[in-house]
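This report concerns only the one structure given below.
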Amino acid sequence: MEHEVLDSHWERAAGVDDVAEGEVTGVRAGGRPIALYRVEGEVYATHDICSHEHAHLSEGYLEGCEIECPLHQARFDIRTGLATCRPATQAVAVYPVRIVGKDILVKVQATP
Ligand code: FES
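413 is the number of the first residue of the sequence shown in the working numbering; add one for each residue after it.
Written out as structure tokens, the structure reads:
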């Protein structure tokens, strides 16, 4: 298990208790800013920086499966990363999530 995690760029992002239901938390994993969300028990991860300008989505407002950027109120679907409301038009990256024991792992690709 340990080798699989390391070989495929799975990084520990947080403990399972660090992300409360209906909330978003900003962390760093694999050298990247990542926003972790928990909605109806499922944990999701997106890039933490808005695709419009430089704002942290983890400081925004989570409503259902949409995160609203705190700066200009663009919205993104946290399951797909797609922008659902202007002014953002570009998606944000989403990262696969795995729960292993008490840890939240995210799959972060190595930077080329
Ligand atoms: S920085 Fe996020 S909407 Fe402008």
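Positions of the beta carbon are idealized from the N, C-alpha and C atoms, including for glycine.
{"Asked": "Touch test, the stretch 457-465 against the stretch 486-494, Cβ-Cβ under 8 Å, three pairs minimum", "Found": "yes"}
{"Asked": "Per DSSP, the bridge partner or partners of HIS468", "Found": "ILE461"}
{"Asked": "Residues passing the C-beta test against ligand 1 heavy atoms, cut-off 6 Å", "Found": "CYS462, HIS464, GLU465, ALA467, CYS481, LEU483, HIS484, ALA486, PRO499 and ALA500"}
{"Asked": "CB-CB length for GLU423 against VAL518, believed under 8 Å", "Found": "6 Å"}
{"Asked": "Option in ILE446, VAL436 and HIS468 with minimal Cα separation from GLY453", "Found": "VAL436"}
{"Asked": "Burial state of GLY513 (16 or more Cβ within 10 Å)", "Found": "exposed"}
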